[in-house]
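Numbering (the working numbering), first residue to last: 6 to 328.
What follows is a short report on a single structure.
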């Protein structure tokens with residue numbers, strides 16, 4: 006079985022190398038210039054984010070698919086799970102025809118900004134034990150989630166908003182990320198922290214941590230060349246972060262769900278759940294009353310909500326201990 010895994014992994018790794026070729030990405034300097042010049046004037050955050058900020062310390066949104074695509078890491082995980090009798094059902098409602106390898110966070114530039122090595126929990130549930138996987142996230146929650154994942158906080162604060170008080174639980178996160186150009190207000194010094202964030206807005210914020218790849222291809226029927234988010238969505242597809250819906254749409258103006266956020270952020274950070282470990286140790290892990298194991302993003306949410314030690318074996322993430 007391992008020999009078969011190794012042979013098939015070699016072929017998939019070669020495809021991965023092509024997708025991750027650094028010649029397909031802009032330099033960090035060029036991207037920084039792009040952020041300063043372009044993001045200050047677009048409407049990325051004008052549609053905003055929302056969700057009950059009360060019970061969540063961390064908030065990071067993600068994409069919308071369950072994942073029918075098998076990358077080389079997912080393949081190895083699947084083979085390992087098959088060895089232990091774990092079945093893999095591909096969800097229906099979130100399936101997609103788009104198949105992309107997930108590009109390593111060192112290649113995308115994400116590892117320069119966000120914690121991609123230490124697998125700490127970055128999404129929490131609510132006080133009543135629920136996760137609300139289909140619920141929305143607010144702009145404040147998204148800012149706090151990214152803030153908690155930052156590698157460095159040593160930046161000057163140059164931006165503030167009239168509707169973000171200094172004692173708000175999300176104030177540090179909003180002010181720092183706005184000063185870095187990662188998030189922006191909606192005009193007139195207003196941030197609107199409690200508005201729900203859309204799928205396009207979330208992708209735009211996520212892509213500001215990365216280098217935008219050139220020649221991204223857009224397969225979605227509802228994403229057009231004139232849209233302010235066109236290059237950002239196309240880039241996130243090229244990186245393997247997002248999938249669309251089975252009908253070929255991306256639905257950029259729909260609000261993104263917490264389950265979708267978990268899925269996309271895991272991809273950004275290069276994290277994949279160890280299904281065998283989770284199934285074998287479910288009683289000792291953080292679980293949620295409204296996320297059964299049959300839910301399409303169950304393993305994505307478990308990856309996002311549980312801090313754990315891990316090792317990489319044949320390209321697959323194997324959990325060694327929960328913490």
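For glycine and all other residues, C-beta sits at the position ideal for the given N, C-alpha and C.
Under the three-pair Cβ rule at 8 Å, the stretch 288-302 does not count as touching the stretch 108-118. Using a Cβ distance threshold of 8 Å, residue 261 and residue 203 count as a contacting pair. Across the structure, residue 191 and residue 238 are spaced so that their CA atoms are roughly 21 Å apart.
Per the coordinates, the alpha-carbon of residue 304 lies some 20 Å from the alpha-carbon of residue 154. Around the C-beta of residue 328, fewer than 16 other C-beta atoms lie within 10 Å, and the residue is accordingly described as exposed.
By alpha-carbon distance to residue 148, the top candidate from 314, 308, 210 and 252 is 210.
In this structure, the CA atom of residue 126 is about 16 Å from the CA atom of residue 138. With a cutoff of 8 Å on beta-carbon distance, residue 175 and residue 132 are scored as not near each other. DSSP lists 326 as the beta-bridge partner residues of residue 314.
The beta carbon of residue 311 is closer than 7 Å to those of 126, 290, 291 and 327 in its chain, skipping five residues each way along the sequence. Ranked by how close their Cα comes to the Cα of residue 222, the residues 236, 231, 170 and 216 have 236 in first place.
For residue 122, same chain residues with a beta-carbon under 7 Å away, outside a window of 5 residues either side, do not exist. DSSP, reduced to helix, strand and coil, places residue 321 within a strand of the structure shown. The bridge partners DSSP lists for residue 306 come to none.
Annotation for residue 184: the continuous alpha helix (DSSP H) segment containing it runs 176-184. Distance from the CA of residue 207 to the CA of residue 281, rounded to the nearest whole angstrom, comes to 31 Å.
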